[in-house]
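Those protein sequence lines, which keep their order, are chains H and W.
Residues 389 to 728 in the working numbering are what the first sequence spells out, letter by letter.
Residues 389 to 728 in the working numbering are what the second sequence spells out, letter by letter.
One structure below.
Number of protein chains: 2
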Amino acid sequence: MVTVPARRKRATIHDVAVEAGVSRGTVSRVVNDEPYVSAAARTAIEAAIEKVGYVPNNAARNLVMQRSQAVGFIVHEPHSLFLDDPNIGGILLGANTVLSRADYQMVSLVIDSQRDTDRVARYLSGGFVDGVIIVSARHEDPMIRVVEKLALPAAFVGHPPDLRRLPFVGIDNRRSARAITERLIGTGRSRIGMIAAALDRDSGADRLAGFTDALGSRFDPNLVERVPLYTYSDGAAGMRALLAREPGIDGVFAASDAVAAGALEALRDAGRSVPGDVGVVGFDDSTWALRTQPHLSTVHQPAFGLGAAAAECVLGQLRGEEQPAEGILLETPVVWRDSA
Amino acid sequence: MVTVPARRKRATIHDVAVEAGVSRGTVSRVVNDEPYVSAAARTAIEAAIEKVGYVPNNAARNLVMQRSQAVGFIVHEPHSLFLDDPNIGGILLGANTVLSRADYQMVSLVIDSQRDTDRVARYLSGGFVDGVIIVSARHEDPMIRVVEKLALPAAFVGHPPDLRRLPFVGIDNRRSARAITERLIGTGRSRIGMIAAALDRDSGADRLAGFTDALGSRFDPNLVERVPLYTYSDGAAGMRALLAREPGIDGVFAASDAVAAGALEALRDAGRSVPGDVGVVGFDDSTWALRTQPHLSTVHQPAFGLGAAAAECVLGQLRGEEQPAEGILLETPVVWRDSA
């Protein structure tokens, strides 16, 4: 049991009853908007509620109603990425905006460890949320089984291959990666490499596949550097590795804008000019893209729109509407700036 | 009531009872670890639970126990700042790490509008969290009254002037701002300005006060530009305004690293070198500080430590421990790099 310091005790229905000089049952009827309460008693109770600072316990009511009026927003990321990746913020804000408008409380839950996974699973099964939005789930993500088992209204942002029948919102990473790589090829570069990140996600694997598609017979596996995360520091490390292996590299597709920003630092340190010596393209069109020198040519990822669409999808399920059998894919235009 | 599609129906205690061929009461006794159940019935029920995929409703249990095993993390920020300010991420991760270790679920709630404020207040009063950490509360923040009224174990990160007896964790913004400004003065600059942000917060107002302290009789109010938020774009706008008013400016204290990064862009656009023509110092030592060219001289703000200390403070209250009457202030060393 939780002990609160005596000086800060929460007022109960009993305190209201004592203050108003009525029974607790009468207070309960007023609080729950039930009939058969005299006007005098109602007035006295309302004054007593104000005086003692009583707040009804909605958890009890919600339990009876079988709803919490809350939707979970689960981010499954190592902590460092949560800080580095501005997409997550955009997705979160898109979801919050739509849920807020529908008067749902969005509650964000961060998963960074096995302990977090187990605890979030317990939380979801505890009836604290009516539905859930899951960002950056991985292959065989335990959250997928949790959501299936609980029959919880859910929408995934991104598309792990074993998602089966659960709804998702995403982008076509493969087609988008192919498009930006083709554009980079079109600038006349001949030794084009890729810093491929997060290959345990659908997004990371699909971006590498799109890069491979675009280069076709010119694809050289030696020009792909694999790094764990979509981060600035992994981008810098990946670029250094590529430069060491192939000093003649003249084009780079970085798997995200943060990765591209790190690559720019490594190129600057190595004395290479961008886009003079090396053309660099990123992916996301996040806040990074306009804060590098030069500004990044990149693929626009509609982060806010993804969050908003995922929220609409969960709200639709909560209203009992049929969901589309296929996932929803949003558009991803190429945004061409100064880095290539 | 919430309707879920028929194909994904959550298993109930009734389903378990039917499958096991026992009464619902017997299932309930097994689920709640009560005695007086035969070994045969227990085995049958456990097999039935596994088969139908039943998950007990913890919300009901938690209600009886008067606890949710969850702590709210409230960020009271306009959405744009949530994306721009890496401190919030560090505070969030520090809090999550400590709460996770204590097996508490951290649930983040974003407040961006009056509607969000009202809804979060309802959520807190609903019994969904046992305590709350509140980041960047403002003067007369409605959350302060909500927390007082609910007698909710709470810790504030930062220190609005009307916080009274509620616990807080913070830094001495005024002393820190004074220290970095004195260091900037020590480099021989004579026309030093400030881009002051977020003056409706204790942090923003105190940083301006510390700047004023350090300059003493040399303080020139004409060299202070006030901007609304701790953001890159407000930093760029503030720097442009200072340059227009005082072309001879040779030192700038930016109220945060994001503000400093924006100021660097405006200085670059105006053809001023940093630190050659103008020395720039920031505040936070966030990820921004190492991603600008040149790297920022700044004040280290222990974001992770603030979150961790706030979480410890709430956990202490949940254990019924006495809290210190004063707030907790963490150290903020000056980190001197290349921008001044």
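Don't be surprised by glycine CBs; every beta carbon is placed ideally from N, CA and C.
Worksheet item: Around the Cβ of W/SER411, are there at least 16 other Cβ atoms within 10 angstroms (buried) or fewer (exposed)?
Response: exposed
Item to complete: Report yes if the C-beta distance between W/ASP504 and W/VAL498 is below 8 Å; otherwise report no.
Response: yes
Worksheet item: How would you list, in chain order, the residues of chain A whose beta-carbon sits under 9 Å from the beta-carbon of H/LEU551?
Response: Of the protein chains in the structure, H and W, none is chain A.
Worksheet item: Between W/ALA432 and W/ALA408, is the Cβ-Cβ spacing less than 8 Å?
Response: yes
Item to complete: Helix, strand or coil for H/GLU407, going by three-state DSSP, please let me know.
Response: helix
Worksheet entry | Per-residue DSSP class, three states only, for W/ALA643 | coil
Worksheet entry | Residue closest to W/ALA642, alpha-carbon to alpha-carbon, out of W/ARG606, W/LEU572, W/ASP550, W/HIS527 | W/LEU572
Discussion item. Short of 8 Å Cβ to Cβ, which residues in the segment 528-539 of chain W face chain H?
Written reply: GLU536, LYS537, LEU538, ALA539
Item to complete: Measure how close the beta-carbons of H/VAL702 and H/PRO548 come, nearest whole angstrom, since I'm counting them as under 8 Å.
Response: H/VAL702 to H/PRO548, Cβ: 18 Å. No contact.
Worksheet entry | Residue-chain proximity (W/ASN561, chain H), Cβ-Cβ < 8 Å | no
Fill in: Close Cβ partners of W/ALA625 (< 7 Å) along its chain, the five nearest in sequence each way excluded
VAL615
Practice prompt. State the start and end residues of the unbroken alpha helix (DSSP H) segment that holds W/GLU613.
Written response: First-last for W/GLU613: 612-615, but that is the beta strand (DSSP E), not the alpha helix (DSSP H).
Worksheet entry | Contact set between H/LEU497 and chain W, taken where Cβ atoms lie within less than 8 Å | GLN493, MET494, VAL495, SER496
Worksheet item: Does H/SER456 come within less than 8 Å of chain W when only Cβ atoms are used?
Response: yes
Fill in: Within 8 Å, strictly: CB atoms of W/ILE521 and W/ASP550
no
Worksheet item: DSSP state of W/GLY460, grouped into three classes?
Response: strand
Worksheet item: Less than 8 Å separating the beta-carbons of W/ARG417 and W/TYR424?
Response: yes
Practice prompt. Look at W/SER456 and W/LEU480 and say whether their C-beta atoms are less than 8 Å apart.
Written response: no
Discussion item. I'd like the ranges of any beta strand (DSSP E) spanning at least 3 consecutive residues and lying wholly in the segment 688-719 of chain H.
Written reply: 716-718
Discussion item. Under DSSP, the beta strand (DSSP E) around H/LEU497 begins and ends at which residues?
Written reply: 493-499
Discussion item. List, in chain order, every chain W residue whose beta-carbon is nearer than 7 Å to that of H/ASN420.
Written reply: The contacting residues do not exist; H/ASN420 stays about 15 Å from chain W at best.
Worksheet item: Comparing the C-beta of H/GLY695 with each C-beta of chain W, is any distance below 8 Å?
Response: no
Worksheet item: In terms of residue numbering, what span does the beta strand (DSSP E) encompassing W/PHE671 cover?
Response: Neither: W/PHE671 is in no beta strand (DSSP E) and is coded neither H nor E.
Item to complete: Thinking W/ARG552 and W/ASP594 are a contact (beta carbons under 8 Å), I'd like their distance in whole angstroms, please.
Response: About 18 Å; that fails the 8 Å criterion.
Worksheet item: Nearest-angstrom Cα distance between H/GLY604 and H/VAL534?
Response: 40 Å
Practice prompt. Taking 8 Å as the threshold, find out whether the segment 668-684 of chain H comes into contact with the segment 626-645 of chain H through three or more Cβ pairs.
Written response: yes
Worksheet item: Is there a Cβ from chain W that is less than 8 Å from the Cβ of H/SER524?
Response: no
Worksheet item: Are the CB atoms of H/GLY482 and H/ALA696 nearer to each other than 8 Å?
Response: yes
Worksheet entry | Reduced DSSP secondary structure (H/G/I, E/B, other) of W/VAL517 | coil
Worksheet entry | Residue nearest to W/ASP560 in terms of C-alpha spacing, selected from W/THR400, W/ARG725, W/GLY715, W/GLY460 | W/GLY715
Item to complete: For W/VAL443, return the contacting residues in chain H, with the cut-off set at a CB-CB distance below 7 Å.
Response: SER513, LYS537, LEU538
Worksheet item: Taking the continuous alpha helix (DSSP H) assigned at W/ILE568, which residues delimit it?
Response: 561-573
Item to complete: Would you check if the distance between the CB atom of H/ALA458 and the CB atom of H/ASP518 is smaller than 8 Å?
Response: yes
Item to complete: For H/TYR620, decide whether its Cβ has a neighbour in chain W, counting only Cβ atoms nearer than 8 Å.
Response: yes
Item to complete: For chain H, find out if any of its Cβ atoms is closer than 8 Å to the Cβ of W/ARG594; answer yes or no.
Response: The displayed chain sequence assigns Asp, not Arg, to residue 594 of chain W. Cβ-Cβ to chain H under 8 Å: no for W/ASP594.
Fill in: Collapsed DSSP secondary structure at W/GLY636 in the structure displayed
coil
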